[in-house]
Every structure is written in structure tokens, then in C-alpha cells.
Amino acid sequence: MTLLQGQAAVDQLLELLDLKQVDAATFQGESPQTGAQRVFGGQVAGQALVAAGRTVDPSRHVHSLHGYFVRPGDPTVPITFHVEQIRDGRSFSVRRSTAKQHGKTIFFMSASFQIPEEGLDHQEPAPVGVPGPEDVPTMLDWAEKYPERMAMFKASPRSVDVRYVGVPGWVPPGDRDAEPLQRVWMRLDGRLPDDQLIHACALTYASDMSLLDAVLSTHGEVWGPGGVIGASLDHALWFHRPFRADEWFLYDSASPSASGARGLANGRMFTRDGRHIASAVQEGLLRRIGG
Numbered sequence: 001m002t003l004l005q006g007q008a009a010v011d012q013l014l015e016l017l018d019l020k021q022v023d024a025a026t027f028q029g030e031s032p033q034t035g036a037q038r039v040f041g042g043q044v045a046g047q048a049l050v051a052a053g054r055t056v057d058p059s060r061h062v063h064s065l066h067g068y069f070v071r072p073g074d075p076t077v078p079i080t081f082h083v084e085q086i087r088d089g090r091s092f093s094v095r096r097s098t099a100k101q102h103g104k105t106i107f108f109m110s111a112s113f114q115i116p117e118e119g120l121d122h123q124e125p126a127p128v129g130v131p132g133p134e135d136v137p138t139m140l141d142w143a144e145k146y147p148e149r150m151a152m153f154k155a156s157p158r159s160v161d162v163r164y165v166g167v168p169g170w171v172p173p174g175d176r177d178a179e180p181l182q183r184v185w186m187r188l189d190g191r192l193p194d195d196q197l198i199h200a201c202a203l204t205y206a207s208d209m210s211l212l213d214a215v216l217s218t219h220g221e222v223w224g225p226g227g228v229i230g231a232s233l234d235h236a237l238w239f240h241r242p243f244r245a246d247e248w249f250l251y252d253s254a255s256p257s258a259s260g261a262r263g264l265a266n267g268r269m270f271t272r273d274g275r276h277i278a279s280a281v282q283e284g285l286l287r288r289i290g291g
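Residue 1 is where the sequence shown starts when you use UniProt numbering, and the numbers rise one by one after that.
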């Protein structure tokens, strides 16, 4: 099995985000054929944002989105996205993007777009003392440490270069200490076009990676046999400042609460020079499974 990575994997992601337009409000997207049992949540969220963004004047940039994962997506059939025009005001446009398969909704999202404006500007400082992406293991380094995970690692295209500052959530039980923070360096592993909507959609795609790890990290728990199985329930993302998703950003995440087989995680994204570019919040279903 050959690992698809680098620019080839990014080009495949760009093809997934290049939805087919059926009519003024309807779009169709595909999924990569990797043998996965369900569609990756970040993919359907990114595609839903593409659909919404294509119905908005390009001068208006997305600043927030809120989505719910309703049903598992079937990767073997196309996804149909219908966009509802909620409002076009003088400064803001709001859209609702609904993803359907087999006649049923699998995901829906509200997204808001704004004309760029000047105003107050402040941010909390970025974390200090964090090793850079060149100083922490790559995902391949981790996979080579756990050969039994190599097949899983190679099964899906690696369009995002993900580098954990700590320990990934998929290591075997007992190999991960409890940590209150989950920090991960990320970037798209190839060049993206100079289109702000594409960068926002790529960041949306990446933002669904590792965020729920923060819930498990709090307890030293892991994904899979002997640990926890889970799924995203909802996802919110705010875009604060201009960025490129193909340049390194630090995903600084923590979990303020977990109860009722659900866990909440929030994450802040910072560029290498310390700019706070985006914030994410996600709740996930987390159930313990046997070994």
C-alpha cells in the first residue's frame, strides 16, 4: 500500500473541494475511496463551506461557521449540498448549507461572511516555549514506532502534515500520560492556490483533526481497542485574521468538560509568528470499548 502525501495528496483534497455545481443553489461532492466506513467529518464540513462560499460575493470572507454531524456519511456515493440564502445585508451574508445522502441529511452548517472592515484589534499571546514543527516527530515517525498502526497510517491520503508536540491519541493504552493540553503543529502538505475561501475550507478540514484528542489527553486515554471510540457531534470555527493553511500553525487545544459520554474541546490556532488566526470548539461522543 503506497502512502499518498505531499502535493499529490493536497491536489486530491483540492479536487474534493472543487464541487460540481448542479444549479444556483445545489452542489455535488465526492469522497476519496480509501475503504473507510464513513466520511471524515472535516471533509464534509469543508465541502459544505465551499458550497456556501460559492453563493456569496467573493469580496465577503467567511468569519464563522457552526455545523452539526447528524448521520455518518457514506464514502461510496456522492454528497449533495443545498445552500439556502438566509440574508445578504450591507456588510454580512449568511448561508445554511445542508449535506444529504440517500435522501437524508448527514450534516448541516450555518456560515457567515463579512466585508473586510477596520476596528478594535487585540489577542491573547500565543503559547511560549513550544518546540517548533521541525523539532517534534512526524506522523511517519510515530507510525514506525508502532508498526501495527502502519496500515492505518497508509490507508488515507496525508494532505495535512500533522506533528504532535506530545503523544498522539492513537498509541496503545498505557503509552500516553494524562496532559491538560494537546498541542499539534499542522499545515497543508503542499501549495494551495491564492484563494482565501480555499484556505478557509482547508483549515476547516484540518480543524476536525486532533481536537477531540484533547478530551482523551486530559485522562491519558487513547482511541481504539482498550480505549475509547468516538465521533464528532458538532463543530464551530471562527476565523480571526488572514492566513495561509499551507503554512505552519499551532493547534493549541484543551478540554474544559466531559460528561454523559460526551467531551468538549476548544482549540486556538496560531501562526509561527504568534498571530491568532482561528478558534474552534467541538463536542464529541466518546464511549469506552473493550480490548
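Every residue, glycine too, gets a C-beta built ideally from N, C-alpha and C.
As a beta-bridge residue in DSSP terms, GLU283 pairs with ASP234 and LEU264. Rounded to whole angstroms, LYS145 and PHE108 show a C-alpha spacing of 38 angstroms.
Taking a contact as a CB-CB distance under 8 angstroms, the pair SER255 and GLY263 counts as one, their CB atoms being some 6 angstroms apart. Assigned with DSSP and collapsed to three states, SER207 falls in helix. Under the DSSP assignment, ALA111 falls outside any alpha helix (DSSP H), being part of the beta strand (DSSP E) whose first and last residues are 104–114. Per DSSP, the beta bridge partners of LYS100 are THR80 and THR105.
Under DSSP, VAL94 takes part in a beta bridge, and its partners are ARG87 and SER112. Between VAL83 and VAL22, the alpha-carbon positions lie close to 12 angstroms from each other. Contact between LEU211 and ALA265 holds, since their C-beta atoms are separated by about 5 angstroms, short of 8 angstroms. DSSP, reduced to helix, strand and coil, places ALA258 within a strand of the structure shown. Here TRP185 carries a strand assignment [DSSP, helix/strand/coil].
Shown here for ARG87: same chain residues with a beta carbon closer than 8 angstroms to its own, the five before and five after excluded, namely SER93 and VAL94 in chain order.
In this structure, the alpha-carbon of ALA9 lies about 8 angstroms from that of GLY190. When the Cα atoms are used, GLY220 and VAL167 turn out to be separated by approximately 10 angstroms.
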